[in-house]
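First the structure, in the form of structure tokens, and then the observations on it.
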Amino acid sequence: MPPNGSQARREEILRLATTTGLASVEELSRHFGVTASTIRRDLARLTADGRLARTYGGAMALTAHPEASLRQRTTEAYAHKRAIARWAAAQVQPGETVLLDAGSTVGALAHELRTAQDLTVATTGLTALHELADVESVHVECLGGTLRPLSQAFVGPLTEAALERLTFDRVFLSADGVTADGGICEADLRQTRLKELMARRAAHVYVLAHAAKLGRAPFHAWATLPPGWTLVTDTSATDADVAAFTERGTRVVLAEPVADAAPDQPPPPGAA
Numbered sequence: 001m002p003p004n005g006s007q008a009r010r011e012e013i014l015r016l017a018t019t020t021g022l023a024s025v026e027e028l029s030r031h032f033g034v035t036a037s038t039i040r041r042d043l044a045r046l047t048a049d050g051r052l053a054r055t056y057g058g059a060m061a062l063t064a065h066p067e068a069s070l071r072q073r074t075t076e077a078y079a080h081k082r083a084i085a086r087w088a089a090a091q092v093q094p095g096e097t098v099l100l101d102a103g104s105t106v107g108a109l110a111h112e113l114r115t116a117q118d119l120t121v122a123t124t125g126l127t128a129l130h131e132l133a134d135v136e137s138v139h140v141e142c143l144g145g146t147l148r149p150l151s152q153a154f155v156g157p158l159t160e161a162a163l164e165r166l167t168f169d170r171v172f173l174s175a176d177g178v179t180a181d182g183g184i185c186e187a188d189l190r191q192t193r194l195k196e197l198m199a200r201r202a203a204h205v206y207v208l209a210h211a212a213k214l215g216r217a218p219f220h221a222w223a224t225l226p227p228g229w230t231l232v233t234d235t236s237a238t239d240a241d242v243a244a245f246t247e248r249g250t251r252v253v254l255a256e257p258v259a260d261a262a263p264d265q266p267p268p269p270g271a272a
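Going by the UniProt record's numbering, the sequence shown opens with residue 1, and the numbers climb by one from there.
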């Protein structure tokens, strides 16, 4: 049930800003079961505090969710990311060719693949390159392109052209947010276009996203995903989170926590 107290309600409005990005007075009024005048007062207070922005016609656009850098994300939900990475690494078989996206969880997967044998890895992320550069049993292909500093990822037409010349047994994708109906949400259209192209080039598609990213839509660039893809998340995902995806035919895997990694343990060098 939505909170009734004014302060709690305002905090919930800000939480919704993170997951939906935009809400009208009418939508918020229905959601909280209060009058439109009450919502307008809440929004006016939040706007005065610099936490929301007003749009034309009375609809209130929630402030854009800032994109965190890859460095900032390295310690977020680390134990969950490591559990996801270990499960994903166990799916990779000797002799396969796999494609790794950029991102902190996929970077953790690259760290797990350091012990792989007879593996070819192509990647768009600097983290995966750093993790695997000195591993003799892994052949590494860099797709190149334009470097996006925030995500430490290569994007753009050169990356896409390189991708067209390869196919893969498996692709592992990252996400800023992921929803059952929309797919993967990202801050940049170049990223979402590239993810769709990556998914088309692989026999098996995995999205690696810890539970806090499920149902989140912090930005307005989307990558739709093909039927039969697998969402790999962690055991803190709720039944409702999982049901939203399974009802649409998505396979959901809940990776068990890693026993030897405390939640606040910093990642090893390069495992971001």
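Just so it is clear, CB atoms sit at the ideal spot from N, CA and C, and this is done for glycine as well.
Please read all numbers here as calculations on a predicted model, not as lab measurements.
In chain order, what residues of the same chain have a beta carbon less than 6 Å from the beta carbon of I39, not counting five sequence neighbours either side? V25, L28, S29
Can you tell me which of the three DSSP states D239 falls into? helix
Count the other CB atoms, across all protein chains shown, that sit within 10 Å of the CB of L132; report buried if there are 16 or more and exposed otherwise. buried
Start-to-end residues for the beta strand (DSSP E) that takes in D234: 230 to 234
Which runs of the beta strand (DSSP E), 3 residues or longer, sit entirely within the stretch 117 to 170? 119 to 123, 138 to 142, 146 to 148, 153 to 155
L99 lies in the beta strand (DSSP E); which residues open and close that run? 97 to 100
Endpoints, the beta strand (DSSP E) within which L109 is located: That residue, L109, is in no beta strand (DSSP E); its alpha helix (DSSP H) goes 104 to 112.
For the alpha helix (DSSP H) containing L194, list its first residue and its last residue. 189 to 200
Taking Cβ positions, are G182 and A217 nearer each other than 8 Å? yes
CA-CA distance, E11 and G5? 10 Å
Quick one: Cα of D118 to Cα of G95, how far? 5 Å
According to DSSP, is T250 helix, strand or coil? coil
Looking at C-alpha atoms only, which residue of V252, W222, D241, T238 is the closest neighbour of G228? V252
Neighbourhood of L126 by C-beta distance below 6 Å, restricted to the same chain and skipping five residues each side: Q152
Please classify S174 as buried or exposed, where buried requires at least 16 neighbouring CB atoms within 10 angstroms. buried
Q191, buried or exposed, once every other Cβ within 10 Å from all chains shown has been counted against 16: buried
Sequence-distant residues of the same chain with beta carbon closer than 6 Å to L231, five excluded per side: V207, F245, T250, V252
Run the CB neighbour count on H139, radius 10 Å, all protein chains shown included, and call it buried at 16 or more, exposed below. exposed
Can you grab the Cα-Cα spacing for the pair T224 / E196, in whole Å? 7 Å
Is any beta-carbon of chain B found at less than 8 Å from that of V106? Structure shown: chain B not included; a single protein chain is present.
Helix, strand or coil for H220, going by three-state DSSP, please let me know. coil
Just list the residues that DSSP pairs E204 with in beta bridges. Reading off the sequence, residue 204 comes out as His, not Glu. Looking at the DSSP assignment, H204 forms a beta bridge with R170.
With a floor of 3 residues, list each beta strand (DSSP E) that falls wholly inside the stretch 25 to 52, ordered by position along the chain. none
T120: which of T47, D188, V171 sits nearest, CA to CA? V171
Which of the three DSSP states is assigned to A255 in this structure? strand
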